[in-house]
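Novice:
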Amino acid sequence: MKYYIDLRNISIAGSHIDSLVERSNLLILLERCARDPMAEVRQSSFALLGDLTKACFRHVRKHLNIFLPLLTENLDPHHVSVCNNAIWAIGEISIQIGSEIQPFVSIILESLISIINRNNTPKTLLENTAITIGRLGLVCPNDVSAQLVRFIRPWCVALRNIRDNEEKDSAFRGICNMIILNPLGVANEFIFVCDAIASWEKPPIELHAKFREILQRFKQEFGNEQWKQLTDRFPLPLKQRLQIHYGV
1 MKYYIDLRNI SIAGSHIDSL VERSNLLILL ERCARDPMAE VRQSSFALLG DLTKACFRHV
61 RKHLNIFLPL LTENLDPHHV SVCNNAIWAI GEISIQIGSE IQPFVSIILE SLISIINRNN
121 TPKTLLENTA ITIGRLGLVC PNDVSAQLVR FIRPWCVALR NIRDNEEKDS AFRGICNMII
181 LNPLGVANEF IFVCDAIASW EKPPIELHAK FREILQRFKQ EFGNEQWKQL TDRFPLPLKQ
241 RLQIHYGV
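Here is the structure:
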């Protein structure tokens with residue numbers, strides 16, 4: 001099985017991948033590999049699953065009743081590479097199916113919150129965990145926002161240093177939705193939220209508007225005097241960046 005799965009090293013982004021998957025039994029084989037007792041095989045299978053989700057999701061969709069439970073069962077940080085790829089694949093699937101992932105959100109989120117709060121977790125695993133939490137919040141904001149207080153600080157820390165990209169964008173759009181629904185969930189960690197927002201070099205227009213809305217709401221809620229007291233404790237570069245880019 002391992003040799004077959006390692007074919008993912010060949011680019012699958014070409015125009016023929018959809019018809020190739022349609023004519024083959026690749027996804028049936030992938031189901032078997034996702035159950036393999038060897039961690040290395042599962043690691044590769046989940047990576048390929050994520051790639052196929054992006055490239056030809058209409059075929060993957062038919063197998064989600066098998067793959068989603070298998071992914072959920074493999075959220076074990078003791079097997080870092082397996083866990084990392086499973087988390088990434090869940091994030092990609094959530095973007096494709098939206099709120100249809102809701103039946104799995106509770107059990108997935110418990111594992112992700114445990115991982116993001118775990119000491120000595122590898123940086124890449126923390127980043128993928130944070131991105132997938134954000135993506136789950138994008139598609140199921142009511143479910144995830146209720147747990148904000150349990151993960152917002154490590155979430156912000158995990159994503160503050162990654163470069164601006166599409167994955168970061170979707171994760172931050174999710175966190176914005178959650179903060180709007182549950183602002184009290186981040187009130188005690190607000191400096192970390194501000195720092196994460198300020199980490200963006202050039203956020204997309206829609207995301208910039210969300211950031212501005214959230215910051216203005218908090219400023220209005222605090223009142224000018226309390227807001228000044230709060231932001232006077234911020235590092236000067238952070239305070240200046242918020243003033244320049246968001247008018248607060």
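Heads up: the sequence shown is residues 1 to 248, going by UniProt numbering.
Ideal placement from N, C-alpha and C gives every residue a C-beta, glycine not left out.
In this text the structure is predicted, and so the values were computed from the model without any measurement.
Taking the alpha carbon of Leu-164 as the point to measure from, which residue in Leu-207, Ser-45, Thr-132, Leu-148 has its own alpha carbon closest?
Specialist: Sequence inspection shows Asp at residue 164; the Leu mentioned does not correspond to that position. Comparing Cα positions, the closest option is Leu-207.
Novice: Would you say the beta carbon of Arg-153 is closer than 7 Å to some non-hydrogen atom of the ligand SAH?
Specialist: No copy of the ligand SAH occurs in the structure displayed, which carries no ligand at all.
Novice: Roughly how many angstroms lie between the CA atoms of Ala-187 and Phe-218, to the nearest whole one?
Specialist: Cα to Cα, the separation comes out at about 9 Å.
Novice: Under 8 Å, do Ile-133 and Ile-116 count as touching if we go by C-beta distance?
Specialist: The answer is yes: Cβ separation under 8 Å.
Novice: Short of 7 Å in beta carbon distance, which residues of its chain neighbour Arg-35, apart from the five on each side in sequence? Order them along the chain.
Specialist: Leu-70.
Novice: Can you name, in chain order, every residue of its own chain whose Cβ lies under 7 Å from the Cβ of residue 249, other than the five neighbours on each side?
Specialist: Any property of residue 249 remains undetermined from this structure, which presents the chain solely from 1 to 248.
Novice: Just how far apart, CA to CA, sit Gln-147 and Gly-137?
Specialist: Rounded to whole angstroms, Gln-147 to Gly-137 spans 10 Å at the Cα level.
Novice: Indicate the three-state DSSP secondary structure (helix, strand or coil) for Ile-162 in the structure shown.
Specialist: If DSSP states are grouped into helix, strand and coil, Ile-162 belongs with coil.
Novice: Please report the straight-line C-alpha distance between Cys-156 and Glu-167, rounded to a whole angstrom.
Specialist: Near 14 Å, if we compare the C-alpha coordinates of Glu-167 and Cys-156.
Novice: Once the 5 residues before and after Pro-154 are set aside, which same chain residues still bring their CB inside 8 Å of it?
Specialist: For Pro-154, where only same-chain residues beyond five positions count, the Cβ hits under 8 Å are Ile-116, Asn-117, Leu-126, Ala-130.
Novice: Cα separation between Tyr-4 and Val-41?
Specialist: Residue placement at Tyr-4 cannot be trusted, given a pLDDT of 48 that sits under 50; what the coordinates show is reported in the next sentence. Between Tyr-4 and Val-41, the C-alpha separation is close to 10 Å.
Novice: List the endpoints of the continuous alpha helix (DSSP H) containing residue 249.
Specialist: Any answer about residue 249 is impossible in this case: the structure gives the chain only from 1 up to 248.
Novice: For Ala-198, count neighbouring Cβ atoms within 10 angstroms of its own Cβ and tell me buried if that reaches 16, exposed if not.
Specialist: Ala-198 is buried by the Cβ-count criterion.
Novice: Using 8 Å as the threshold, is the C-beta distance between Glu-92 and Lys-54 below it?
Specialist: The answer is yes: Cβ separation under 8 Å.
Novice: Identify the continuous alpha helix (DSSP H) that holds Pro-37 and give its terminal residues.
Specialist: No alpha helix (DSSP H) contains Pro-37, which DSSP labels as neither H nor E.
Novice: Buried or exposed for Glu-189, going by 16 or more other Cβ atoms inside 10 Å?
Specialist: Buried, because 16 or more other Cβ atoms sit within 10 Å of the Cβ of Glu-189.
Novice: Which one of His-245, Leu-238, His-16, Asn-128 has the shortest CA to CA distance from Cys-56?
Specialist: Comparing Cα positions, the closest option is His-16.
Novice: I think Leu-75 touches Ile-87, with their Cβ atoms under 8 Å apart; what is that distance to the nearest whole Å?
Specialist: Indeed, because the Cβ distance is near 7 Å, the residues count as touching under 8 Å.
Novice: To the nearest angstrom, how far is it from the Cα of Leu-7 to the Cα of Pro-204?
Specialist: Confidence is the limiting factor: at Leu-7 the pLDDT is only 44, short of 50, which leaves the residue's position unreliable, though a coordinate-based value still follows. Whole-angstrom Cα-Cα distance: 35 Å.
Novice: Relative to the C-alpha of Ile-28, which residue among Phe-46, His-63, Met-38 is closest?
Specialist: Measuring from the Cα of Ile-28, the nearest candidate turns out to be His-63.
Novice: Thinking C-beta only, is Leu-30 closer than 8 Å to Ser-45?
Specialist: It is a contact, given that the beta carbons lie within the stated cut-off.
Novice: Using CA coordinates, which residue listed in Lys-202, Glu-201, Ile-179 is at the minimum distance from Val-193?
Specialist: Looking at the Cα atoms, Ile-179 is the closest of the given residues.
Novice: Could you give the uninterrupted runs of the alpha helix (DSSP H) lying entirely in the stretch 81-158, keeping only those of 4 residues or more?
Specialist: Complete alpha helix (DSSP H) runs here, min 4: 102-116, 123-139, 141-145.
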